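Remarks on the structure that follows.
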Ligand SMILES: Nc1ncnc2c1ncn2[C@@H]1O[C@H](COP(=O)(O)OP(=O)(O)OP(=O)(O)O)[C@@H](O)[C@H]1O
Ligand SMILES: [Mg+2]
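Numbering (this note's numbering), first residue to last: 1 to 370.
In structure tokens form, the structure reads like this:
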């Protein structure tokens with residue numbers, strides 16, 4: 001959360017850009033929470049996906065914040081983005097379980113004593129002070145056994161666990177083909193007190209894991225796609241937070257914020273954060289327009305770098321789609337001629353941009369850049 005000194009007192013910017021700061025700073029998502037609760041109550045393991053930066057992780061944090069208040073329910077959050085192989089995944093998993101259960105039923109102690117032969121190393125993170133556990137998993141047999149032990153121990157508990165595994169698609173990028181999905185799938189039938197939420201952005205990777213009949217997780221989960229926060233809810237959220245800080249904001253200004261950012265959560269929040277940081281008594285339309293320019297300047301280096309990493313046909317196609325926005329087809333002659341692309345080069349570029357998540361295919365089959 002950003003603090004800025006204003007008139008000698010600290011003012012919290014209510015448009016937080018990084019971590020979950022509690023319900024007051026969290027906007028809407030009520031319908032999504034209802035769907036997640038239904039999935040939990042009816043023991044339907046679930047895949048949650050969306051475009052990048054739309055709010056999946058914040059939604060999990062918000063949901064877990066509510067679940068943590070329910071007796072005998074323990075939410076466990078695991079971010080596996082940084083893992084490179086199955087062993088690292090399992091380490092992250094065990095560490096998250098140990099952390100979440102450290103004050104419950106001697107659970108963590110039991111787990112660590114069973115893992116004795118895997119030489120658990122426990123240390124304190126020098127920056128956060130949070131306990132770190134690492135396990136010395138050498139063989140495939142150790143790997144499967146470690147995961148089995150952790151899951152079996154959880155399943156013997158009277159507690160209901162909600163386990164959210166964020167960035168699950170990363171298992172598709174491992175050096176060696178992952179068997180994590182197969183191990184998890186084999187445990188599903190007996191884990192009556194454990195509910196899984198698999199979360200990720202790269203939709204094609206997630207769909208390979210869950211929708212390919214040849215893969216172990218095929219047809220074993222329900223799928224939730226996170227959409228944009230509805231306009232009225234976001235409108236009220238922005239208005240309330242500005243007004244709470246005695247900053248008058250016109251409806252036209254809020255409309256401009258939501259339209260310019262297309263209600264894409266991270267960008268909407270970023271623009272609102274930038275406007276708030278100016279501490280104007282009146283948030284005029286002009287101030288919003290100036291802040292949009294400031295935001296673009298703040299991101300310019302990142303975008304230049306991203307474009308620099310793309311092959312030239314992908315850069316050309318990406319720019320063309322950004323300019324045309326809607327009502328075009330990349331197979332049309334007029335489009336190809338206008339941007340000097342051949343049909344084969346455009347189709348290769350399209351594949352590359354979809355693979356990298358620079359473009360997504362929307363439900364109606366249209367292509368969108370973000
Ligand atoms: N419901 C919300 N209320 C308030 N702010 C939110 C909400 N959802 C998301 N945000 C804002 O958007 C940012 C991005 O959200 P989050 O990290 O949850 O998205 P994500 O979909 O998990 O992104 P990624 O694809 O990078 O994993 C957050 O840091 C926060 O600033
Ligand atoms: Mg996320």
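All C-beta atoms, glycine included, are put in the ideal place defined by N, C-alpha and C. Since we're looking at a predicted model, the values are computed, not measured.
Buried or exposed, going by whether 16 or more other CB atoms sit within 10 Å of the CB of residue i?
i           : result
residue 252 : exposed
residue 402 : Here the chain comprises residues numbered 1 to 370, so residue 402 is not present and cannot be evaluated.
residue 343 : exposed
residue 299 : exposed
residue 361 : exposed
residue 358 : buried
residue 281 : exposed
residue 7   : Low confidence applies to residue 7: its pLDDT is 46, below 50, so where it sits in the model is not reliable, and the reading given next is rough at best. Residue 7 is exposed by the Cβ-count criterion.
residue 19  : exposed
residue 297 : exposed
residue 17  : exposed
residue 258 : buried
residue 272 : buried
residue 143 : buried
residue 173 : exposed
residue 192 : exposed
residue 167 : buried
residue 49  : buried
residue 223 : exposed
residue 70  : exposed
residue 156 : exposed
residue 29  : buried
residue 304 : exposed
residue 274 : buried
residue 23  : exposed
residue 326 : exposed
residue 263 : buried
Between residue i and ligand 2, is the CB less than 6 Å from at least one heavy atom?
i           : result
residue 333 : no
Who pairs with residue i in a beta bridge, going by DSSP?
i           : result
residue 216 : DSSP lists no partner for residue 216.
residue 197 : 46 and 164
residue 114 : None; residue 114 has no bridge partner.
residue 315 : In DSSP, residue 315 forms no bridge with anything.
residue 224 : 48
residue 248 : 282
Starting from residue i, trace the alpha helix (DSSP H) both ways and give me its first and last residue.
i           : result
residue 76  : Not the alpha helix (DSSP H): residue 76 falls in the beta strand (DSSP E), residues 73-79.
residue 257 : 251-260
residue 146 : 140-156
residue 94  : 86-101
residue 344 : 343-355
residue 330 : Counting along the chain, residue 330 falls outside any alpha helix (DSSP H), and DSSP gives it neither H nor E.
residue 267 : 265-276
residue 33  : 30-41
residue 58  : 56-67
residue 178 : From DSSP, residue 178 is part of no alpha helix (DSSP H); its letter is neither H nor E.
residue 208 : 203-211
For ligand 1, any of its heavy atoms closer than 6 Å to the Cβ of residue i?
i           : result
residue 168 : no
residue 269 : yes
residue 435 : Residue 435 is absent from the model: the chain starts at 1 and stops at 370.
residue 26  : yes
residue 212 : no
residue 58  : yes
residue 266 : yes
residue 359 : no
residue 18  : yes
residue 113 : no
residue 29  : yes
residue 277 : no
residue 49  : no
residue 201 : yes
residue 215 : no
residue 52  : yes
How would you write the range of the beta strand (DSSP E) that residue i sits in, first residue to last?
i           : result
residue 359 : 359-361
Is the CB of residue i under 7 Å away from at least one CB in chain D?
i           : result
residue 316 : Considering every chain present, this structure includes no chain D. It has just one protein chain.
Is any heavy atom in ligand 3 found nearer than 6 Å to the beta carbon of residue i?
i           : result
residue 242 : Of the ligands one can find in the structure shown, namely ligand 1 and ligand 2, none is ligand 3.
Legend entry - the segment 347-358 contacting the segment 311-318, beta-carbon criterion three pairs below 8 Å: The segment 347-358 vs the segment 311-318: in contact.
Inset, instruction - Would you be able to state if there are at least three C-beta pairs under 8 Å between the segment 159-178 and the segment 81-95? - result: With contact defined as three or more Cβ pairs closer than 8 Å, the segment 81-95 and the segment 159-178 are in contact.
Legend entry - Segment contact flag, the segment 167-179 with the segment 78-90, C-beta cutoff 8 Å, min 3 pairs: yes
Inset, instruction - Tell me, please, whether the segment 199-209 touches the segment 47-62 by the rule of three or more beta-carbon pairs shorter than 8 Å. - result: yes
Legend entry - Meets three-Cβ-pair contact criterion under 8 Å: the segment 318-337 and the segment 282-292: no
Inset, instruction - Would you be able to state if there are at least three C-beta pairs under 8 Å between the segment 33-47 and the segment 142-157? - result: no
Inset, instruction - Pair every Cβ in the segment 233-251 with every Cβ in the segment 209-216, then say whether three or more of these pairs are closer than 8 Å. - result: no
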